[in-house]
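Numbering (the numbering used here), first residue to last: 43 to 354.
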(Lines of atoms letter the chains of each structure in order from A and count residues from 1; the text may use other names and numbers.)
(Lines give C-alpha, C1' and ligand atoms only; values in the text may rest on other atoms or scores of the structure.)
Protein backbone atom coordinates (compact mmCIF):
# COMPACT_ATOMS: atom_id res chain seq x y z
CA UNK A 1 0.00 0.00 0.00
CA UNK A 2 1.15 3.59 -0.55
CA UNK A 3 0.44 7.31 -0.17
CA UNK A 4 -1.39 6.99 -3.49
CA UNK A 5 -3.84 4.56 -1.87
CA UNK A 6 -4.17 6.95 1.07
CA UNK A 7 -5.12 9.83 -1.23
CA UNK A 8 -7.74 7.65 -2.93
CA UNK A 9 -9.20 6.82 0.50
CA UNK A 10 -9.16 10.47 1.62
CA UNK A 11 -10.80 11.51 -1.67
CA UNK A 12 -13.63 9.07 -1.07
CA UNK A 13 -14.17 10.44 2.46
CA UNK A 14 -13.75 14.12 1.39
CA UNK A 15 -13.11 15.33 4.97
CA UNK A 16 -12.64 13.98 8.45
CA UNK A 17 -10.86 14.01 11.80
CA UNK A 18 -7.19 13.77 12.66
CA UNK A 19 -7.74 10.38 14.32
CA UNK A 20 -9.30 9.06 11.10
CA UNK A 21 -6.33 10.39 9.14
CA UNK A 22 -3.83 8.73 11.49
CA UNK A 23 -5.70 5.44 11.30
CA UNK A 24 -5.68 5.54 7.51
CA UNK A 25 -1.95 6.36 7.43
CA UNK A 26 -1.17 3.41 9.72
CA UNK A 27 -3.24 1.04 7.61
CA UNK A 28 -2.32 2.20 4.12
CA UNK A 29 1.21 3.58 4.06
CA UNK A 30 3.05 3.45 7.40
CA UNK A 31 5.18 0.54 6.17
CA UNK A 32 6.84 2.87 3.65
CA UNK A 33 8.57 4.76 6.47
CA UNK A 34 11.31 3.47 8.73
CA UNK A 35 10.33 5.40 11.85
CA UNK A 36 7.16 6.16 13.76
CA UNK A 37 8.48 8.45 16.49
CA UNK A 38 6.73 11.72 17.09
CA UNK A 39 8.96 14.77 16.87
CA UNK A 40 7.66 17.88 18.55
CA UNK A 41 9.56 20.37 16.39
CA UNK A 42 8.68 18.57 13.16
CA UNK A 43 8.73 21.75 11.10
CA UNK A 44 12.52 21.85 11.63
CA UNK A 45 13.17 18.72 9.64
CA UNK A 46 13.03 18.13 5.89
CA UNK A 47 10.51 15.46 4.92
CA UNK A 48 13.05 13.39 3.04
CA UNK A 49 15.76 13.42 5.68
CA UNK A 50 14.10 11.02 8.13
CA UNK A 51 15.16 12.91 11.26
CA UNK A 52 12.62 11.36 13.65
CA UNK A 53 9.61 13.01 12.03
CA UNK A 54 6.41 11.10 12.77
CA UNK A 55 4.94 9.21 9.84
CA UNK A 56 1.66 11.12 10.23
CA UNK A 57 3.37 14.50 9.97
CA UNK A 58 5.54 13.41 7.05
CA UNK A 59 2.48 12.32 5.10
CA UNK A 60 0.54 15.42 6.14
CA UNK A 61 3.29 17.75 4.97
CA UNK A 62 3.56 15.93 1.63
CA UNK A 63 -0.18 16.18 0.98
CA UNK A 64 -0.19 19.86 1.96
CA UNK A 65 2.85 20.77 -0.11
CA UNK A 66 1.37 19.11 -3.20
CA UNK A 67 -2.02 20.85 -2.74
CA UNK A 68 -3.91 17.59 -2.30
CA UNK A 69 -5.31 18.07 1.22
CA UNK A 70 -5.80 21.03 3.55
CA UNK A 71 -5.49 20.59 7.32
CA UNK A 72 -7.27 22.77 9.88
CA UNK A 73 -7.58 23.44 13.59
CA UNK A 74 -10.50 21.93 15.47
CA UNK A 75 -12.40 25.21 15.21
CA UNK A 76 -13.06 24.47 11.54
CA UNK A 77 -15.37 21.58 12.48
CA UNK A 78 -13.06 19.01 10.87
CA UNK A 79 -9.32 18.47 10.78
CA UNK A 80 -8.75 17.87 7.08
CA UNK A 81 -10.49 18.30 3.74
CA UNK A 82 -9.44 17.10 0.29
CA UNK A 83 -9.02 19.84 -2.31
CA UNK A 84 -11.45 19.61 -5.27
CA UNK A 85 -9.79 17.97 -8.31
CA UNK A 86 -7.73 20.66 -9.99
CA UNK A 87 -5.28 21.05 -12.85
CA UNK A 88 -2.48 23.32 -11.65
CA UNK A 89 -0.87 24.58 -14.85
CA UNK A 90 2.90 24.97 -14.84
CA UNK A 91 4.40 28.44 -15.31
CA UNK A 92 4.77 29.33 -18.98
CA UNK A 93 3.32 25.91 -19.96
CA UNK A 94 -0.42 26.37 -20.60
CA UNK A 95 -0.55 22.92 -22.20
CA UNK A 96 0.77 21.07 -19.14
CA UNK A 97 -0.94 20.69 -15.78
CA UNK A 98 -0.42 18.80 -12.53
CA UNK A 99 -3.42 16.94 -11.12
CA UNK A 100 -3.99 18.12 -7.55
CA UNK A 101 -6.65 17.30 -5.00
CA UNK A 102 -9.25 14.57 -4.98
CA UNK A 103 -8.82 11.64 -7.34
CA UNK A 104 -10.53 8.33 -7.95
CA UNK A 105 -9.80 5.30 -10.16
CA UNK A 106 -12.67 6.41 -12.42
CA UNK A 107 -11.29 9.95 -12.79
CA UNK A 108 -7.80 8.66 -13.56
CA UNK A 109 -9.20 6.29 -16.18
CA UNK A 110 -11.25 9.03 -17.81
CA UNK A 111 -8.21 11.30 -17.86
CA UNK A 112 -6.21 8.68 -19.76
CA UNK A 113 -9.10 8.21 -22.19
CA UNK A 114 -9.55 11.94 -22.89
CA UNK A 115 -6.04 13.42 -22.65
CA UNK A 116 -2.33 12.61 -22.73
CA UNK A 117 -1.30 11.64 -19.21
CA UNK A 118 2.12 10.98 -17.68
CA UNK A 119 2.03 9.14 -14.36
CA UNK A 120 5.13 8.75 -12.23
CA UNK A 121 5.71 7.19 -8.83
CA UNK A 122 8.00 8.94 -6.35
CA UNK A 123 8.88 8.13 -2.72
CA UNK A 124 6.75 9.61 0.05
CA UNK A 125 4.03 11.12 -2.15
CA UNK A 126 1.04 10.14 -4.27
CA UNK A 127 1.67 9.45 -7.94
CA UNK A 128 2.65 12.53 -9.91
CA UNK A 129 -0.01 12.85 -12.59
CA UNK A 130 0.75 15.36 -15.36
CA UNK A 131 -1.81 16.07 -18.08
CA UNK A 132 -0.64 17.38 -21.46
CA UNK A 133 -2.31 18.85 -24.51
CA UNK A 134 -3.11 22.15 -26.15
CA UNK A 135 -4.55 24.80 -23.88
CA UNK A 136 -7.89 24.38 -25.66
CA UNK A 137 -7.82 20.58 -25.24
CA UNK A 138 -7.03 20.89 -21.55
CA UNK A 139 -9.84 23.39 -21.05
CA UNK A 140 -12.35 21.14 -22.84
CA UNK A 141 -11.16 18.03 -21.00
CA UNK A 142 -11.25 19.76 -17.62
CA UNK A 143 -14.80 20.95 -18.29
CA UNK A 144 -15.95 17.43 -19.24
CA UNK A 145 -14.33 15.87 -16.19
CA UNK A 146 -15.36 18.57 -13.71
CA UNK A 147 -11.82 19.74 -12.98
CA UNK A 148 -10.92 23.22 -11.81
CA UNK A 149 -8.06 24.88 -13.69
CA UNK A 150 -5.49 27.23 -12.17
CA UNK A 151 -3.32 29.04 -14.71
CA UNK A 152 0.34 29.47 -13.74
CA UNK A 153 -0.40 28.02 -10.32
CA UNK A 154 2.97 28.82 -8.63
CA UNK A 155 2.99 32.49 -9.62
CA UNK A 156 -0.73 32.79 -8.83
CA UNK A 157 -0.07 31.55 -5.28
CA UNK A 158 2.96 33.76 -4.73
CA UNK A 159 1.11 36.80 -6.05
CA UNK A 160 -1.60 36.32 -3.41
CA UNK A 161 0.54 35.38 -0.40
CA UNK A 162 1.56 38.15 2.03
CA UNK A 163 5.23 38.58 2.83
CA UNK A 164 6.60 37.13 6.05
CA UNK A 165 7.00 40.62 7.51
CA UNK A 166 3.36 41.59 7.05
CA UNK A 167 2.23 42.05 10.69
CA UNK A 168 -1.43 41.79 9.72
CA UNK A 169 -0.92 38.03 9.43
CA UNK A 170 0.54 37.66 12.94
CA UNK A 171 -1.66 36.80 15.93
CA UNK A 172 -1.04 39.06 18.98
CA UNK A 173 -0.55 36.90 22.05
CA UNK A 174 1.41 37.39 25.25
CA UNK A 175 4.40 35.19 25.98
CA UNK A 176 3.65 32.60 28.72
CA UNK A 177 4.71 33.67 32.20
CA UNK A 178 3.77 30.47 34.03
CA UNK A 179 6.65 28.23 35.23
CA UNK A 180 7.53 24.85 33.77
CA UNK A 181 8.39 25.80 30.19
CA UNK A 182 11.63 24.92 28.44
CA UNK A 183 12.60 27.93 26.36
CA UNK A 184 14.90 28.33 23.36
CA UNK A 185 15.72 31.30 21.17
CA UNK A 186 16.39 30.97 17.46
CA UNK A 187 19.82 32.22 16.44
CA UNK A 188 19.36 33.93 13.10
CA UNK A 189 23.12 34.06 12.55
CA UNK A 190 23.94 30.43 13.37
CA UNK A 191 20.56 28.96 12.39
CA UNK A 192 19.93 26.86 15.49
CA UNK A 193 17.94 26.95 18.73
CA UNK A 194 19.90 28.11 21.79
CA UNK A 195 18.78 27.64 25.39
CA UNK A 196 17.17 30.74 26.89
CA UNK A 197 15.20 31.86 29.92
CA UNK A 198 11.55 32.84 29.94
CA UNK A 199 12.52 36.34 31.03
CA UNK A 200 14.60 36.68 27.85
CA UNK A 201 11.43 36.33 25.80
CA UNK A 202 9.54 38.75 28.03
CA UNK A 203 12.22 41.42 27.74
CA UNK A 204 13.43 40.96 24.17
CA UNK A 205 12.73 43.69 21.66
CA UNK A 206 13.05 41.28 18.71
CA UNK A 207 13.45 37.53 18.53
CA UNK A 208 11.82 34.15 17.93
CA UNK A 209 11.28 31.92 20.97
CA UNK A 210 10.23 28.31 21.33
CA UNK A 211 8.28 27.28 24.44
CA UNK A 212 8.11 23.55 25.15
CA UNK A 213 6.16 21.65 27.79
CA UNK A 214 5.78 17.91 27.39
CA UNK A 215 5.03 17.30 23.70
CA UNK A 216 3.64 20.79 23.13
CA UNK A 217 5.65 23.28 21.10
CA UNK A 218 4.66 26.95 20.81
CA UNK A 219 6.45 29.72 18.92
CA UNK A 220 6.39 33.39 19.88
CA UNK A 221 7.74 36.26 17.87
CA UNK A 222 8.91 39.36 19.70
CA UNK A 223 8.83 42.29 17.34
CA UNK A 224 9.41 45.85 18.51
CA UNK A 225 8.62 44.79 22.11
CA UNK A 226 5.27 43.20 21.16
CA UNK A 227 4.47 39.48 21.23
CA UNK A 228 2.84 37.38 18.49
CA UNK A 229 2.09 33.73 17.81
CA UNK A 230 3.36 32.84 14.34
CA UNK A 231 4.15 29.66 12.38
CA UNK A 232 7.77 28.81 13.08
CA UNK A 233 8.76 29.07 9.40
CA UNK A 234 7.36 32.60 9.25
CA UNK A 235 9.06 33.60 12.48
CA UNK A 236 12.49 32.50 11.33
CA UNK A 237 12.37 34.58 8.17
CA UNK A 238 11.03 37.57 10.10
CA UNK A 239 14.01 37.69 12.46
CA UNK A 240 16.64 36.90 9.82
CA UNK A 241 18.26 39.84 8.11
CA UNK A 242 18.85 39.74 4.39
CA UNK A 243 21.81 37.43 3.98
CA UNK A 244 23.38 36.43 0.72
CA UNK A 245 23.47 32.68 0.26
CA UNK A 246 20.49 31.72 2.40
CA UNK A 247 18.52 31.32 -0.83
CA UNK A 248 20.66 29.92 -3.63
CA UNK A 249 19.50 29.63 -7.23
CA UNK A 250 21.28 27.68 -9.94
CA UNK A 251 20.18 29.07 -13.31
CA UNK A 252 21.25 26.15 -15.58
CA UNK A 253 19.42 23.52 -13.51
CA UNK A 254 16.64 25.85 -12.34
CA UNK A 255 17.17 24.67 -8.77
CA UNK A 256 16.37 26.82 -5.73
CA UNK A 257 17.79 25.71 -2.40
CA UNK A 258 17.56 26.76 1.25
CA UNK A 259 19.11 25.38 4.47
CA UNK A 260 16.96 22.52 5.72
CA UNK A 261 16.37 24.36 9.00
CA UNK A 262 14.92 27.31 7.03
CA UNK A 263 12.28 25.69 4.86
CA UNK A 264 9.80 28.30 3.56
CA UNK A 265 6.32 28.82 5.02
CA UNK A 266 3.66 26.45 3.72
CA UNK A 267 2.10 28.43 0.87
CA UNK A 268 5.43 29.69 -0.45
CA UNK A 269 6.78 26.14 -0.33
CA UNK A 270 3.64 24.85 -2.05
CA UNK A 271 4.24 27.26 -4.93
CA UNK A 272 7.80 25.98 -5.26
CA UNK A 273 6.71 22.34 -5.17
CA UNK A 274 4.03 22.92 -7.81
CA UNK A 275 6.74 24.06 -10.25
CA UNK A 276 7.74 20.42 -10.67
CA UNK A 277 5.14 18.32 -8.90
CA UNK A 278 7.84 16.73 -6.76
CA UNK A 279 8.66 17.23 -3.08
CA UNK A 280 11.96 18.98 -2.32
CA UNK A 281 14.99 16.73 -2.13
CA UNK A 282 17.42 16.84 0.78
CA UNK A 283 21.10 17.17 -0.08
CA UNK A 284 23.00 15.52 2.79
CA UNK A 285 26.31 17.15 1.83
CA UNK A 286 25.07 20.74 1.84
CA UNK A 287 22.20 20.02 4.27
CA UNK A 288 19.92 22.03 2.03
CA UNK A 289 16.48 21.45 0.58
CA UNK A 290 16.43 21.66 -3.20
CA UNK A 291 13.37 22.63 -5.26
CA UNK A 292 13.45 21.77 -8.96
CA UNK A 293 12.19 23.38 -12.18
CA UNK A 294 11.97 26.84 -10.60
CA UNK A 295 11.69 29.63 -13.15
CA UNK A 296 13.70 32.81 -12.39
CA UNK A 297 10.54 34.88 -11.88
CA UNK A 298 9.23 32.34 -9.34
CA UNK A 299 12.56 32.42 -7.48
CA UNK A 300 12.47 36.23 -7.39
CA UNK A 301 8.88 36.31 -6.08
CA UNK A 302 9.70 33.78 -3.36
CA UNK A 303 12.78 35.74 -2.31
CA UNK A 304 10.79 38.97 -2.05
CA UNK A 305 8.16 37.32 0.15
CA UNK A 306 10.88 35.80 2.36
CA UNK A 307 12.68 39.15 2.61
CA UNK A 308 15.89 37.61 1.27
CA UNK A 309 18.32 37.99 -1.60
CA UNK A 310 19.16 35.24 -4.08
CA UNK A 311 22.72 34.02 -4.51
CA UNK A 312 23.63 32.60 -7.91
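In this text, a Cβ means the ideal position worked out from N, Cα and C, and glycines have one as well.
* Pick helix, strand or coil for residue 103, following the three-state DSSP scheme. => Looking up residue 103 in the chain shown gives position 61. In this structure, residue 103 counts as helix in the three-state DSSP scheme.
* Please classify residue 234: is it buried, with 16 or more other beta-carbons within 10 angstroms of its beta-carbon, or exposed? => As a first step, residue 234 is located in the chain shown; it is residue number 192 there, counting from the start. Counting C-beta atoms within 10 angstroms of its own C-beta, residue 234 has fewer than 16 neighbours from the protein chains shown and is therefore classed as exposed.
* **Residue range of the alpha helix (DSSP H) that includes residue 47** => For the purposes of this step, residue 47 is taken as residue 5 along the chain shown, with counting starting at 1. Per DSSP, residue 47 belongs to the alpha helix (DSSP H) from 45-55.
* In the structure shown, what three-state DSSP assignment does residue 277 receive? -> Position 235 of the chain shown holds residue 277. Residue state, collapsed to three classes: helix.
* Asked: Are the CB atoms of residue 227 and residue 251 nearer to each other than 7 Å?
  -> Walking along the chain shown from the start, residue 227 turns up at place 185. Walking along the chain shown from the start, residue 251 turns up at place 209. Yes, the Cβ-Cβ distance between residue 227 and residue 251 is below 7 Å.
* To do: Select from 328, 172, 156, 206 the residue whose C-alpha is nearest the C-alpha of residue 182.
  => Here the question's residue 182 lines up with position 140 in the chain shown. Of the listed residues, the one whose Cα sits closest to residue 182 is 156.
* Asked: residue 137 lies in the alpha helix (DSSP H); which residues open and close that run?
  -> Here residue 137 is taken as the residue at index 95 of the chain shown, counted from 1. No alpha helix (DSSP H) contains residue 137, which is instead part of the beta strand (DSSP E) from 135-142.
* By DSSP, does residue 121 sit in helix, in strand, or in coil? -> Position 79 of the chain shown, counting from 1, holds the residue named residue 121. Reduced to three states, the DSSP call for residue 121 is coil.
* Closest to residue 70 by CA distance: which of 59, 57, 98, 56 is it? -> Taking the chain shown and counting its residues from 1, one reaches residue 70 at position 28. Nearest of 59, 57, 98, 56 to residue 70, Cα basis: 98.
* **Any beta strand (DSSP E) of 3 or more consecutive residues that is wholly inside the segment 258-315** => You should have 258-265, 268-271, 289-292, 297-301.
* Counted within 10 angstroms of its Cβ, other Cβ atoms place residue 199 as buried (16 or more) or exposed -> Along the chain shown, one-based indexing puts residue 199 at 157. Burial call: buried.
* To do: Compare the beta carbon distance of residue 351 and residue 297 with 7 Å and say whether it is the shorter of the two.
  => Within the chain shown, the letter at position 309 stands for residue 351. Within the chain shown, the letter at position 255 stands for residue 297. No, Cβ-Cβ distance for residue 351 and residue 297 is not below 7 Å.
* To do: Express the C-alpha separation of residue 299 and residue 329 in angstroms, rounding to a whole number.
  => Here residue 329 is taken as the residue at index 287 of the chain shown, counted from 1. Here residue 299 is taken as the residue at index 257 of the chain shown, counted from 1. Residue 329 and residue 299: Cα-Cα distance of roughly 10 Å.
* Asked: How many Å lie between residue 87 and residue 302 at the Cα?
  -> For the purposes of this step, residue 87 is identified with residue 45 of the chain shown, where counting begins at 1. For the purposes of this step, residue 302 is identified with residue 260 of the chain shown, where counting begins at 1. Note that residue 87 scores a pLDDT of 42, beneath 50, so its modelled location is shaky and nothing firm can be said.
* Asked: Which residues in the same chain have their Cβ closer than 6 Å to the Cβ of residue 196, if we skip the five residues on either side of it in sequence?
  -> Start at 1 with the first residue of the chain shown, and residue 196 comes out as number 154. Taken in chain order, the residues that qualify are 133, 313, 316, 317, 340.
* Work out the CA separation of residue 319 and residue 142 for me, nearest whole Å. => Start at 1 with the first residue of the chain shown, and residue 142 comes out as number 100. Start at 1 with the first residue of the chain shown, and residue 319 comes out as number 277. Going from the Cα of residue 142 to the Cα of residue 319 covers about 9 Å.
* Asked: Contact between the segment 204-215 and the segment 260-280: three or more CB pairs below 8 Å?
  -> The segment 204-215 is in contact with the segment 260-280.
* In the DSSP assignment, find the beta strand (DSSP E) that holds residue 232 and state where it starts and stops. => Taking the first residue of the chain shown as 1, we reach residue 232 at position 190. Run containing residue 232: none; DSSP gives neither H nor E here.
* To do: Check each candidate in 60, 263, 185, 130 and name the one with the smallest Cα separation from residue 170.
  => Position 128 of the chain shown, counted from the first residue, corresponds to residue 170. Of the listed residues, the one whose Cα sits closest to residue 170 is 130.
* Asked: Since residue 104 contacts residue 45 with CB under 8 Å, what's their CB separation in whole angstroms?
  -> Position 62 of the chain shown, counting from 1, holds the residue named residue 104. Position 3 of the chain shown, counting from 1, holds the residue named residue 45. Between the beta-carbon of residue 104 and that of residue 45 there is about 7 Å, and that keeps the pair under the 8 Å contact cut.
* From 348, 307, 337, residue whose alpha carbon lies closest to that of residue 135 -> Within the chain shown, the letter at position 93 stands for residue 135. Between residue 135 and the set 348, 307, 337, the nearest pair of CA atoms involves 337.
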